[in-house]
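Trainee:
In the numbering used here, the protein residues as written are 1 to 382.
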């Protein structure tokens with residue numbers, strides 16, 4: 001079985017979908033692994049390191065002979081055309097709003113798997129790319145916030161006087177938010193956090209942060225069976241916004257992480273809230289790629305609103321690509337290993353497997369994922 005790992009073509013993408021360790025594991029399964037030249041250079045993984053692990057270094061043309069393609073981001077329509085019919089592609093597909101790209105993969109005859117659709121069950125924990133990358137995003141958000149904040153984070157008592165601890169507010173206590181809380185606490189900040197999911201309160205407090213929320217009846221029922229936040233009513237949003245507005249005015253660093261799968265990011269912070277903050281304060285918007293939680297945030301930029309900075313870096317995990325790539329590569333490997341027949345070393349695709357059915361986007365020339373089949377037609381979506 002031939003496996004190909006290409007160099008990512010998206011300008012902001014610094015990660016790679018393999019590591020020397022995962023290459024060794026794949027070769028142990030009897031696979032031939034080919035890495036596109038320079039694919040790992042932005043993750044500090046040299047071609048030499050891949051060679052020593054047993055991979056061959058090639059150009060992009062090797063994609064045409066691959067049975068499996070491992071990527072960070074979904075292939076563009078131009079890339080999809082270069083893959084052979086029937087090839088398996090594992091990547092973060094970001095399909096919502098990109099249905100034409102999904103259709104292109106279907107028309108190319110690819111079996112494309114959206115890694116971000118991996119169910120959050122015990123069996124799939126090692127394959128959960130959302131969690132592995134969100135952990136790093138939450139950590140890096142605090143680092144970026146601290147780097148743009150012109151003061152120290154911990155309280156410091158010196159002979160020249162005392163430096164007060166910075167106040168850090170984290171909005172959204174999912175994987176990224178909880179890691180942001182833990183990181184800010186380690187750096188000595190006074191941390192508060194909010195989330196619309198009732199279960200988050202205990203998690204936030206267990207990390208030593210104070211929980212901030214309007215805890216009414218709607219709040220108590222604001223979580224899906226899958227553990228995601230539900231869309232809240234306008235009435236609740238208004239009450240929560242009032243509480244948050246008064247709290248934000250006293251904060252030095254605010255980190256927002258709120259995302260609802262398949263929808264634009266909810267606006268949590270208005271321009272008036274931003275203007276109420278003290279000079280030198282920083283907001284880090286982790287949802288900027290989906291429109292942002294902060295009004296005025298711009299994807300890929302650091303925006304100044306008066307003396308307040310809004311950090312809108314794209315691809316936050318990619319800013320620590322060396323760590324992000326190692327974890328992402330292991331996620332892909334763990335999933336791919338469930339498809340490899342131990343005796344023959346070939347791919348055995350079980351369409352009834354819950355991991356396969358949850359993540360399979362396109363197969364046999366069609367869009368097959370239930371989230372997209374309403375508009376499905378032979379050869380793709382209409």
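From the three backbone atoms N, C-alpha and C, an ideal C-beta is built for every residue, glycine too.
Remember, predicted model here, so these are calculated numbers, not experimental data.
Got a sec? Which residues, its chain only, sit under 6 Å from residue 334 by beta carbon, not counting five neighbours each side?
Mentor: 126 and 127
Trainee: Tell me the DSSP bridge mates of residue 168?
Mentor: 191 and 253
Trainee: Since residue 179 and residue 317 are thought to touch, with beta carbons under 8 Å apart, how far apart are those beta carbons, to the nearest angstrom?
Mentor: Contact doesn't hold; Cβ gap of about 11 Å is too wide.
Trainee: For residue 182, which of 261, 160 and 138 has the nearest alpha-carbon?
Mentor: 138
Trainee: Which residue wins for smallest C-alpha separation from residue 167, given the options 253, 283 and 302?
Mentor: 253
Trainee: Nearest to residue 197 by alpha carbon, out of 171, 208 and 184?
Mentor: 171
Trainee: Is residue 12 helix, strand or coil by DSSP?
Mentor: Correct three-state label for residue 12: coil.
Trainee: Tell me whether residue 337 sits in a helix, a strand or coil according to DSSP, three-state version.
Mentor: Assignment of residue 337 by DSSP, reduced to helix, strand and coil, places it in the helix class.
Trainee: Residue 92 by DSSP, collapsed to three states: which one?
Mentor: strand
Trainee: With the cut-off set at 8 Å, would you say residue 83 and residue 63 are in Cβ contact?
Mentor: Yes, Cβ-Cβ distance for residue 83 and residue 63 is below 8 Å.
Trainee: In terms of alpha-carbon separation, which member of 163, 109 and 26 lies closest to residue 361?
Mentor: 109
Trainee: What do you get for residue 285, buried or exposed, if any count of 16 or more other CB atoms within 10 angstroms of its CB means buried?
Mentor: Residue 285 should be labelled buried.
Trainee: Between which residues of its own chain and residue 366 is the CB-CB distance below 6 Å, once the five residues before and five after are set aside?
Mentor: Leaving aside the five residues that flank residue 366 on each side, the residues in its chain whose CB is nearer than 6 Å to its CB run, in chain order, 106.
Trainee: Within the continuous alpha helix (DSSP H) that includes residue 105, where are the two ends?
Mentor: Segment 99-107, the alpha helix (DSSP H) holding residue 105.
Trainee: May I ask which residues mark the beginning and end of the beta strand (DSSP E) holding residue 58?
Mentor: 56-58
Trainee: Expressed to the nearest angstrom, what Euclidean distance is found between the alpha-carbon atoms of residue 398 and residue 39?
Mentor: Any answer about residue 398 is impossible in this case: the structure gives the chain only from 1 up to 382.
Trainee: Report the rounded CA-to-CA distance for residue 190 versus residue 209, giving the unit in angstroms.
Mentor: Taking C-alpha positions only, residue 190 is separated from residue 209 by approximately 8 Å.
Trainee: Return yes when the Cβ of residue 291 is within less than 8 Å of the Cβ of residue 302, no when it is not.
Mentor: no
Trainee: Give the single residue among 204, 203, 282 and 232 whose Cα lies nearest to the Cα of residue 216.
Mentor: The residue with the shortest Cα to Cα distance from residue 216 is 232.
Trainee: For residue 95, count the other beta carbons within 10 Å of its own beta carbon; 16 or more makes it buried, fewer makes it exposed. Which is it?
Mentor: buried
Trainee: Starting from residue 273, trace the beta strand (DSSP E) in both directions and tell me its first and last residue.
Mentor: First-last for residue 273: 271-276, but that is the alpha helix (DSSP H), not the beta strand (DSSP E).
Trainee: Check the Cβ-Cβ distances between residue 260 and every residue of chain D, and say whether any is below 8 Å.
Mentor: No chain D appears in the structure shown, which is made up of a single protein chain.
Trainee: Going by DSSP in three states, residue 181 sits in which element: helix, strand or coil?
Mentor: helix
Trainee: So is residue 71 buried or exposed if we call it buried at 16+ other beta carbons inside 10 Å?
Mentor: buried
Trainee: Quick check on the DSSP output: the beta strand (DSSP E) that includes residue 248 runs from which residue to which?
Mentor: That residue, residue 248, is in no beta strand (DSSP E); its alpha helix (DSSP H) goes 234-248.
Trainee: Can you grab the Cα-Cα spacing for the pair residue 6 / residue 67, in whole Å?
Mentor: 13 Å
Trainee: From residue 330 to residue 169, what distance separates their C-alpha atoms?
Mentor: 32 Å
Trainee: What residue range does the alpha helix (DSSP H) around residue 148 cover?
Mentor: 129-148
Trainee: Using DSSP with H/G/I as helix, E/B as strand and the rest coil, what is residue 117?
Mentor: Helix at residue 117.
Trainee: State buried or exposed for residue 159, treating a residue as buried only when at least 16 other CB atoms are found within 10 Å of its CB.
Mentor: exposed
Trainee: Do you know offhand how far residue 151's Cα is from residue 282's?
Mentor: 11 Å
Trainee: Just confirm the distance between the C-beta atoms of residue 101 and residue 77, as a whole number of angstroms; I'd bet it's less than 8 Å.
Mentor: For a cut-off of 8 Å, the C-beta gap from residue 101 to residue 77 is around 6 Å, short enough to register as a contact.
Trainee: Give me the Cα-Cα distance between residue 345 and residue 246, rounded to the nearest whole angstrom.
Mentor: Whole-angstrom Cα-Cα distance: 60 Å.
Trainee: Evaluate residue 377 with the Cβ neighbour count: other Cβ atoms within 10 Å of its Cβ, from every protein chain shown; 16 or more gives buried, anything less gives exposed.
Mentor: For residue 377, the pLDDT reaches just 43, beneath the cut-off of 50, and the residue's location in the model is therefore unreliable, although a value from the coordinates is still provided. Label assigned to residue 377: exposed.
Trainee: Give me whichever residues DSSP pairs with residue 363 in a beta bridge.
Mentor: 366
Trainee: Give a yes or no on whether the C-beta atoms belonging to residue 269 and residue 295 are separated by under 8 Å.
Mentor: The Cβ atoms of residue 269 and residue 295 sit closer than 8 Å to each other.
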